[in-house]
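Counting with my numbering, you get residues 434 to 542 for the letters of the sequence shown.
Even for Gly, the Cβ is constructed at its ideal location relative to N, Cα and C.
Working notes, structure below.
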Amino acid sequence: MKAHLSLYVSDIQASKDFYTRFLGLEPVKVKADYAKFELTDPAWVLSLVQNPERVHAGFGHTGIVVENKEAVATWLDAVKARGVKVALVEEQTRCCYALQDKFWVHDPD
């Protein structure tokens with residue numbers, strides 16, 4: 434089983450470049466207005482569809498859950514090494530009725 438998320442984006446090239454750096458992998462399919470990433474761990478398909486009229490502020494957020502705080506630190510180091518700007522790092526923060534370590538990034542939209 435895989436989760437699938439499709440996001441409307443304003444600029445497919447900027448979003449494709451961002452997610453390539455963030456995820457550390459190239460998209461498996463690219464068209465003039467579309468890019469598709471397939472991850473195996475976690476099992477996740479991310480589709481980006483250029484449609485500026487459908488991009489809206491206030492979406493909220495999406496996240497990737499990893500197994501422990503060491504995995505969070507490893508992902509954070511890798512993301513920084515690939516040139517992604519990290520907006521916020523939180524350690525031992527209360528969220529969703531749990532104590533969590535996490536970090537936040539902002540995609541182009």
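Inter-residue spacing [alpha-carbon to alpha-carbon] between residue i and residue j
{"i": "Phe-536", "j": "Ala-465", "result": "31 Å"}
{"i": "Gly-496", "j": "Leu-438", "result": "11 Å"}
{"i": "Tyr-452", "j": "Ala-514", "result": "14 Å"}
{"i": "His-539", "j": "Val-522", "result": "13 Å"}
{"i": "Val-488", "j": "Ala-520", "result": "21 Å"}
{"i": "Glu-471", "j": "Gly-457", "result": "11 Å"}
Bridge partners - residue i, DSSP secondary structure assignment
{"i": "Lys-464", "result": "Tyr-467"}
{"i": "Val-482", "result": "Tyr-441, Tyr-467"}
{"i": "Leu-557", "result": "No answer is possible for residue 557: it lies beyond the span of the chain, which begins at 434 and ends at 542."}
{"i": "Thr-526", "result": "Gln-533"}
Where residue i falls, given that 16 or more other Cβ within 10 Å makes a residue buried
{"i": "Tyr-530", "result": "exposed"}
{"i": "Lys-435", "result": "exposed"}
Beta-carbon separation (whole angstroms), residue i vs residue j, contact threshold 8 Å
{"i": "Ala-480", "j": "Pro-541", "result": "Note on residue identity: the sequence assigns Ser, not Ala, to residue 480. That belief does not hold up - the Cβ atoms of Ser-480 and Pro-541 are roughly 16 Å apart, past 8 Å."}
{"i": "Asp-534", "j": "Glu-524", "result": "5 Å"}
Close-in-space but distant-in-sequence residues of the same chain around residue i (CB under 8 Å, 5 per side omitted)
{"i": "Lys-449", "result": "Pro-460, Val-463, Ala-468, Leu-481"}
{"i": "Val-505", "result": "Val-499, Asp-534, Lys-535, Phe-536"}
{"i": "Arg-454", "result": "Val-512, Arg-515, Gly-516, Val-517"}
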